[in-house]
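To start, the structure under review is shown below, and the notes come after it.
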Amino acid sequence: MANIMVGGSQGIAMLQEQPQGWELWERTDPEWAGRRVWSLAQVPGAILAGTDAGLLRSVDGGTSWETVLPGDVRVVAPDPADPRRLFAGLQPAGAWRSDDGGATWCELTGLGSAEERAGWHLPGATPLETVPLARVNAFAFDPAEPAVVYAGIEIGGIYRSDDGGDSWRACNEGLSSLDVHRLVPHPLEPETIFAATETGVYRSVDRGASWKGLPFETGAGYTRALLALAPDAADDRFVLLAGPAEVDPWGWAEEADGARCRLVRSVDDGATWRPLTFGLPDFFEGLIATIVADPADPHSLVLGSWDGRVFASRDRGLNWTQIAEGLDEVWALLPLEE
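At position 4 of the sequence shown (counting the first as 1) the number is 6 in my numbering, and the numbers step up by one without a gap.
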């Protein structure tokens with residue numbers, strides 16, 4: 003994990019591991035000025051950045067970038083079974099697919115019928131007021147069925163496609179909120195998938211047909227960051243990490259401790275959760291926005307928060323070290339592969 007690309011409310015930056023510690027290099031290019039970076043992904047030969055002003059693609063390690071898809075691109079997700087195939091989610095809610103490593107894109111017009119879209123609104127608001135706010139925040143891929151793709155829509159719920167994204171159907175039974183932020187498949191059980199939502203983490207054991215809440219002991223709810231770690235030779239347990247907030251989003255500005263967000267860990271499929279505190283603050287004022295694993299070393303994790311800090315772990319999340327602070331909101335982290 004020698005190099006980590008950071009995406010946030012002020013463009014991109016790079017964290018580089020040096021013998022004396024981590025060094026932060028911030029981009030000052032005019033093309034990144036004022037640009038929010040929501041999502042980062044790496045595929046063979048290219049890096050992609052989903053921003054509020056388009057999807058950018060770099061084929062030279064991030065030195066130069068080309069816009070390959072216009073719009074407010076909230077997520078870009080490579081298919082683990084075929085990294086040449088990627089999905090992009092936009093606001094207003096829309097989905098696009100690439101079959102050539104992100105060079106060209108086609109729109110997936112089957113996501114959400116007119117009747118379904120009429121239901122994509124905040125509680126108490128009319129559809130016309132909030133349909134433009136609905137956004138595709140997440141994709142997940144069935145590890146056993148290459149054609150099965152899930153999409154998570156903030157203010158819209160969860161949709162499943164059985165044909166690679168050409169057609170979709172809603173899968174929201176059991177969800178108490180249609181505010182979906184992240185989708186994570188179980189690495190060993192293809193029928194099981196987890197969702198991070200406004201009201202906490204949910205689990206489906208029937209490929210999205212129904213969902214059950216996995217409550218946190220603290221009563222926390224609003225969750226964006228969610229990561230699943232498969233067992234390995236050093237740790238034979240399936241590990242689930244989440245970053246829930248104890249304060250409702252509407253109260254973050256009023257509370258002295260902000261979101262009161264912290265990292266929690268489960269080793270029993272989300273039935274119970276334990277806070278992780280070694281090297282981490284008792285609470286984050288800003289939301290934990292992302293947790294990712296280094297593809298070259300799944301024991302190495304990195305976490306970013308809206309209060310501008312980045313932490314790294316070398317032992318699957320048990321112990322952490324702060325490697326950056328003073329950033330603006332951190333939304334995305336990408337450990338770069340050589």
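Ideal Cβ placement from N, Cα and C applies to all residues, glycine included.
Contact check, residue i vs residue j, beta carbons under 8 Å
{"i": "V266", "j": "A244", "result": "yes"}
{"i": "A222", "j": "A197", "result": "no"}
{"i": "V151", "j": "G103", "result": "no"}
{"i": "T274", "j": "L335", "result": "no"}
{"i": "D330", "j": "S11", "result": "yes"}
{"i": "R99", "j": "C108", "result": "yes"}
{"i": "I41", "j": "R76", "result": "Correcting the residue type first, residue 41 is Ser in the shown sequence and not Ile. Yes; because the gap between Cβ atoms is below 8 Å, this pair is in contact."}
{"i": "R316", "j": "S302", "result": "yes"}
{"i": "G166", "j": "A149", "result": "yes"}
{"i": "V2", "j": "G96", "result": "This structure leaves residue 2 out entirely; the chain is present only between 3 and 340."}
{"i": "W333", "j": "G9", "result": "yes"}
Residue i - containing beta strand (DSSP E), residue span
{"i": "F143", "result": "137-143"}
{"i": "N1", "result": "Given a span of 3 to 340 for the chain in the structure shown, any question on residue 1 remains unanswerable."}
{"i": "L336", "result": "332-337"}
{"i": "N5", "result": "5-10"}
{"i": "I49", "result": "48-53"}
{"i": "W40", "result": "39-45"}
{"i": "S307", "result": "299-307"}
{"i": "T199", "result": "195-199"}
{"i": "I157", "result": "Neither: I157 is in no beta strand (DSSP E) and is coded neither H nor E."}
{"i": "T69", "result": "68-71"}
{"i": "V183", "result": "According to the sequence shown, residue 183 is His rather than Val. H183 -> beta strand (DSSP E) spans 182-187."}
{"i": "F313", "result": "312-315"}
{"i": "G202", "result": "202-206"}
Strand pairing of residue i, partner residues [DSSP]
{"i": "F89", "result": "A79, R99"}
{"i": "E109", "result": "W98"}
{"i": "A244", "result": "L228, V266"}
{"i": "Q18", "result": "N5, E25"}
{"i": "A35", "result": "In DSSP, A35 forms no bridge with anything."}
Proximity to residue i [Cα-Cα], best of the options
{"i": "I160", "options": "Y204, A314, G253", "result": "Y204"}
{"i": "G91", "options": "G73, G103, D84", "result": "G73"}
{"i": "G158", "options": "A136, D259, A15", "result": "A136"}
{"i": "P251", "options": "L180, A142, Y224, L338", "result": "Y224"}
{"i": "R262", "options": "F89, R239, T194, F286", "result": "F286"}
{"i": "T323", "options": "V304, D168, R59", "result": "V304"}
Spell out a yes or no on whether the region 197-216 and the region 279-286 are touching, meaning 3 or more CB-CB pairs, one atom from each, closer than 8 Å.
With contact defined as three or more Cβ pairs closer than 8 Å, the region 197-216 and the region 279-286 are not in contact.
Is there contact between the region 45-64 and the region 20-27, where contact requires at least three CB pairs shorter than 8 Å?
Flag = no, the region 45-64 and the region 20-27 do not touch.
Touch check for the region 179-194 and the region 105-120: three-plus C-beta pairs under 8 Å?
Not touching, per the Cβ criterion.
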